[in-house]
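Below you'll find the structure, written out as structure tokens, and then a few comments.
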Amino acid sequence: MLEADNLECTRGEQRLFQGLEFRLGAGELLFLKGENGAGKTSLLRMICGLLPPGAGEIRWQGENIHHLAGDYRAAFCYLGHANAIKEELTPLENLRCAAALAGTSLPESLAFDALAQVGLADRADLACRYLSQGQKRRVALARLVCDNRALWVLDEPFVALDARAVAWLRDLIGAHVAAGGLTVMTTHQPVDMPSVQTRELRLAA
Amino acid sequence: MRALLHVIVRDLRLALRRPADIVSTLFFFVIVASLFPLGVGPDPALLRQLAPGVLWVGALLATMLSLPRLFADDFRDGTLEQMALSPNPLGLAVLGKVVAHWLYSGLPLAVLAPVLGLQFDLSTGALGVLTFSILLGTPALSGIGAIGAGLTLGLRGGGVLLSLLVLPLYIPVLIFGAGAVDAVAGGLEPQTHLALLTALSVGGVAFAPWIAALALKLALE
Amino acid sequence: MNWFKYSAPAAFYPLAGRLIPWFWRLAFVFAAAGLYIGLVAAPVDFQQGEAYRIIFIHVGAAWMSMFIYLVMAFWGGMGLAFNTRLSGMMAQALAPTGTMFAFLSLWTGAFWGKPMWGTWWLWSDARLMSSLILLFLYIGFLALTHAIDDKRRADRAGAILLLVGVVNIPVIYFSVQWWNTLHQGASVSVKGSSMAVIMLWGMLLVALAMWMYTIAVALTRARIIILEREWRADWVQTLSNPESAGGTAGN
Numbered sequence: 001m002l003e004a005d006n007l008e009c010t011r012g013e014q015r016l017f018q019g020l021e022f023r024l025g026a027g028e029l030l031f032l033k034g035e036n037g038a039g040k041t042s043l044l045r046m047i048c049g050l051l052p053p054g055a056g057e058i059r060w061q062g063e064n065i066h067h068l069a070g071d072y073r074a075a076f077c078y079l080g081h082a083n084a085i086k087e088e089l090t091p092l093e094n095l096r097c098a099a100a101l102a103g104t105s106l107p108e109s110l111a112f113d114a115l116a117q118v119g120l121a122d123r124a125d126l127a128c129r130y131l132s133q134g135q136k137r138r139v140a141l142a143r144l145v146c147d148n149r150a151l152w153v154l155d156e157p158f159v160a161l162d163a164r165a166v167a168w169l170r171d172l173i174g175a176h177v178a179a180g181g182l183t184v185m186t187t188h189q190p191v192d193m194p195s196v197q198t199r200e201l202r203l204a205a
Numbered sequence: 206m207r208a209l210l211h212v213i214v215r216d217l218r219l220a221l222r223r224p225a226d227i228v229s230t231l232f233f234f235v236i237v238a239s240l241f242p243l244g245v246g247p248d249p250a251l252l253r254q255l256a257p258g259v260l261w262v263g264a265l266l267a268t269m270l271s272l273p274r275l276f277a278d279d280f281r282d283g284t285l286e287q288m289a290l291s292p293n294p295l296g297l298a299v300l301g302k303v304v305a306h307w308l309y310s311g312l313p314l315a316v317l318a319p320v321l322g323l324q325f326d327l328s329t330g331a332l333g334v335l336t337f338s339i340l341l342g343t344p345a346l347s348g349i350g351a352i353g354a355g356l357t358l359g360l361r362g363g364g365v366l367l368s369l370l371v372l373p374l375y376i377p378v379l380i381f382g383a384g385a386v387d388a389v390a391g392g393l394e395p396q397t398h399l400a401l402l403t404a405l406s407v408g409g410v411a412f413a414p415w416i417a418a419l420a421l422k423l424a425l426e
Numbered sequence: 427m428n429w430f431k432y433s434a435p436a437a438f439y440p441l442a443g444r445l446i447p448w449f450w451r452l453a454f455v456f457a458a459a460g461l462y463i464g465l466v467a468a469p470v471d472f473q474q475g476e477a478y479r480i481i482f483i484h485v486g487a488a489w490m491s492m493f494i495y496l497v498m499a500f501w502g503g504m505g506l507a508f509n510t511r512l513s514g515m516m517a518q519a520l521a522p523t524g525t526m527f528a529f530l531s532l533w534t535g536a537f538w539g540k541p542m543w544g545t546w547w548l549w550s551d552a553r554l555m556s557s558l559i560l561l562f563l564y565i566g567f568l569a570l571t572h573a574i575d576d577k578r579r580a581d582r583a584g585a586i587l588l589l590v591g592v593v594n595i596p597v598i599y600f601s602v603q604w605w606n607t608l609h610q611g612a613s614v615s616v617k618g619s620s621m622a623v624i625m626l627w628g629m630l631l632v633a634l635a636m637w638m639y640t641i642a643v644a645l646t647r648a649r650i651i652i653l654e655r656e657w658r659a660d661w662v663q664t665l666s667n668p669e670s671a672g673g674t675a676g677n
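Structure, rendered in structure tokens:
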């Protein structure tokens, strides 16, 4: 489904990696490992099409993602370092805005259920600026609950989460992959995913 | 279409949740307009002659003031990334933001302009045309401004740089806008000016968002 | 001849190095001929006196400032369309020279205006206003590209700005012309109907000299930019240190 060939990444004058390749099929999870500055985030942004590769290409279902454009963007969900949460809006509004941006619509009841799952049911109508860092992260993660796109691209999704939330997210990703989805993610925390097909890609600094 | 509408509504809602930004831009407009009489003296005839230019330059600068935030907040919190990753083209989202920017910046300026025009003792006809010209011209300012805001997004000294890039491109709008009011004050018909102003705005709103989207993709790399 | 071959910096660098001396020579020849005609051979204008001779520089500088902007926009468009690294470098290399000519045309214009109009600056002259705005556009380009650290983004952002500028220049020019006719009758015109042929030759030769100078300077600057940006590449290392050619230098 998702393939990369001969990828090269240069940031500024620094060459982060070259000749990188991987294959990821349905129902597989790819862990990106590497030290700080090894180019994990850059690779994720390349997979999203935000960063054009210096060389090589990324294919989705056999076609270059830059040719697929909108069709490809409709097939994945990206969660970056930034939460993409508006401080002025409530968690409920944020979720529905994010869904609208992604070209779908999310009924209020479903959005509320998603928030309940991340344990924010009682804060659903409170402006996000009053939430803690971890709570904001959970609002961002709640997007995944009602997301049925095939590919999840997650940059450090476990950061700022407490133990219970980590377990919850692990199960959510596990269920997504077990249902035939794909996930590419980075994490510094050791998280074991016993039930799913896991691959690992190590980026050398 | 629904995606476009959604971005407009979202940006308007955000703007209304921090009304201080809109209000301070408007007060900036009022203060700039009030400084001119202090600078050039209280002669009513002179002020009447200066009024179209002063009010238009004030509107231009007030628009400039609100431009840096057009994309900066969305850039910082990651929403801009999500817009670029939306299945819809980024240009469409920018178009929505431009329309919203006009609604919370251009439109209030047009509403406020005749009040300031009264201070400068403009005739009723001139006041009407002033309002109308600002209404017709500010969409072009929002559109062209979006290109500048996109190009300077995330750069140090971005605000000053933005005015350096955008103000020269605003000259035609200024000339036709102030010219329309001048024409009425001089007993001429302002139609040609207003038509040209409309053409600039239509062109600006139709093309600028797509160019701004190109600039934004660069900023996101 | 495959022109795209020379869009690669490694091929362009030596070619530019060979061409630069020739452009310098041509520049000197044209400048000598043009200035001789302009300052010696052309007769004194019976209305304007000796002061009119400044237009031999002024007209050339004004033409150049416009041409160079167009050429930069052309390179910008090429860079955006074909993603060639050299295009952005060429636009960068031309910008300072274009800025200089825009400033020179304003400056000589003011010097010419003082004896002709009795004032250094005339707001009512549309051409003067247009030159001033062109200078603003150049300064905007320089400021933008220097504020961006990432070279690729700087090149592409600059290219977008250049293309926006080029589309806007006719609109700006038209609006200034319009504004000008509104506020004043016809502006003072340099070109009398009876401009002597010899004067035209003088202007053309000086303009040609400026072209050759621009090309020589831009190529030199482009070579420096190439070295700055590509100093890690093997071929650059080979240039500076022929003995270790292709060896460990690139790593």
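Protein chains in written order, with this note's numbering: chain A, 1 to 205; chain B, 206 to 426; chain C, 427 to 677. Glycine included, every Cβ here is placed at the ideal spot set by N, Cα and C.
- prompt: So what's residue 415 of chain B in DSSP terms, helix, strand or just coil?
  reply: helix
- prompt: Using a C-beta cutoff of 8 angstroms, does residue 222 of chain B count as contacting chain A?
  reply: yes
- prompt: Taking a cut of 8 angstroms between CB atoms, which residues from the stretch 534-566 of chain C lie near chain B?
  reply: 559, 562, 563, 565 and 566
task: Could you list the residues in the stretch 56-78 of chain A with a C-beta less than 7 angstroms from some C-beta on chain B, going in chain order?
output: 70, 73, 74 and 78
- request: Could you name the residues of chain A that residue 576 of chain C contacts, counting a contact when the two beta carbons are closer than 7 angstroms?
  value: 12
- request: Please report how far the alpha carbon of residue 616 of chain C lies from the alpha carbon of residue 482 of chain C, in whole angstroms.
  value: Model confidence at residue 616 of chain C stands at a pLDDT of 49, short of 50, so the residue's coordinates are unreliable and nothing is read from them.
- prompt: Along chain A, which residues have their Cβ under 9 angstroms away from the Cβ of residue 658 of chain C?
  reply: 13 and 15
field: Enclosing alpha helix (DSSP H) for residue 480 of chain C [first to last residue]
entry: Per DSSP, residue 480 of chain C belongs to no alpha helix (DSSP H) and is neither H nor E.
message: For residue 444 of chain C and residue 562 of chain C, I'd like the C-alpha separation in whole angstroms.
response: 34 angstroms
- prompt: Does the separation of the CB atoms of residue 119 of chain A and residue 138 of chain A fall below 8 angstroms?
  reply: yes
- prompt: If you run the structure through DSSP and keep just helix, strand and coil, what is residue 646 of chain C?
  reply: helix
- request: Could you tell me which chain C residues have their CB closer than 9 angstroms to the CB of residue 361 of chain B, listed as they occur along the chain?
  value: 573
task: Run the CB neighbour count on residue 551 of chain C, radius 10 Å, all protein chains shown included, and call it buried at 16 or more, exposed below.
output: buried
- prompt: Distance, Cα to Cα, residue 150 of chain A vs residue 661 of chain C?
  reply: 45 angstroms
- prompt: So what's residue 603 of chain C in DSSP terms, helix, strand or just coil?
  reply: helix
query: In the DSSP assignment, what are the bridge partners of residue 29 of chain A?
result: A:183 and A:198
message: Is any non-hydrogen atom of the ligand SAM found closer than 7 angstroms to the C-beta of residue 371 of chain B, if you look at the structure I gave you?
response: The ligand SAM is absent from the structure shown, which contains no ligand whatsoever.
message: Counting beta carbon pairs with one atom in the stretch 316-328 of chain B and one in the stretch 250-264 of chain B, are three or more of them shorter than 8 angstroms?
response: yes
- prompt: Using a C-beta to C-beta distance shorter than 7 angstroms, which residues of chain C count as neighbours of residue 426 of chain B?
  reply: 579
query: Using a Cβ-Cβ cut-off of 8 angstroms (strictly less than) and excluding sequence neighbours within five positions of residue 638 of chain C, which residues of its own chain qualify?
result: 449, 450, 452, 453 and 456
- prompt: For residue 310 of chain B, is the classification buried or exposed, using 16 other Cβ atoms within 10 angstroms of its Cβ as the cut-off for buried?
  reply: buried
Three-state secondary structure (DSSP) of residue 658 of chain C: coil
- request: To the nearest angstrom, report how far apart residue 554 of chain C and residue 535 of chain C are at their CA atoms.
  value: 8 angstroms
- prompt: Which of the three DSSP states, helix, strand or coil, is assigned to residue 55 of chain A?
  reply: strand
query: Which partner residues does residue 9 of chain A have in the DSSP bridge list?
result: A:17
- request: Could you tell me which residues DSSP puts in a beta bridge with residue 77 of chain A?
  value: A:152
query: Smallest Cα separation from residue 103 of chain A: which of B:384, B:387, B:298 and B:306?
result: B:298
query: Counting only runs that start and end within the stretch 274-316 of chain B, where is the alpha helix (DSSP H) found for 4 or more residues in a row?
result: 274-282, 284-289 and 295-306
field: Bridge partner(s) assigned by DSSP for residue 23 of chain A
entry: A:3
task: Return the residue from the list A:179, A:88, A:12 and A:71 that minimises the CA-CA distance to residue 215 of chain B.
output: A:88
- prompt: Exposed or buried, what is residue 495 of chain C when buried is set at 16 or more other beta-carbons lying within 10 Å of its beta-carbon?
  reply: buried
- prompt: How would you label residue 485 of chain C, buried or exposed, when you count the other beta carbons within 10 angstroms and need 16 or more for buried?
  reply: buried
- prompt: Would you say residue 296 of chain B and residue 414 of chain B are within 8 angstroms of each other, going by their C-beta atoms?
  reply: yes
Whole-number beta carbon distance between residue 114 of chain A and residue 146 of chain A, since they are thought to touch under 8 angstroms: 5 angstroms
message: Can you check whether the C-beta of residue 219 of chain B is within less than 8 angstroms of a C-beta belonging to chain A?
response: yes
- request: Report the three-state DSSP secondary structure of residue 60 of chain A (helix, strand or coil).
  value: strand
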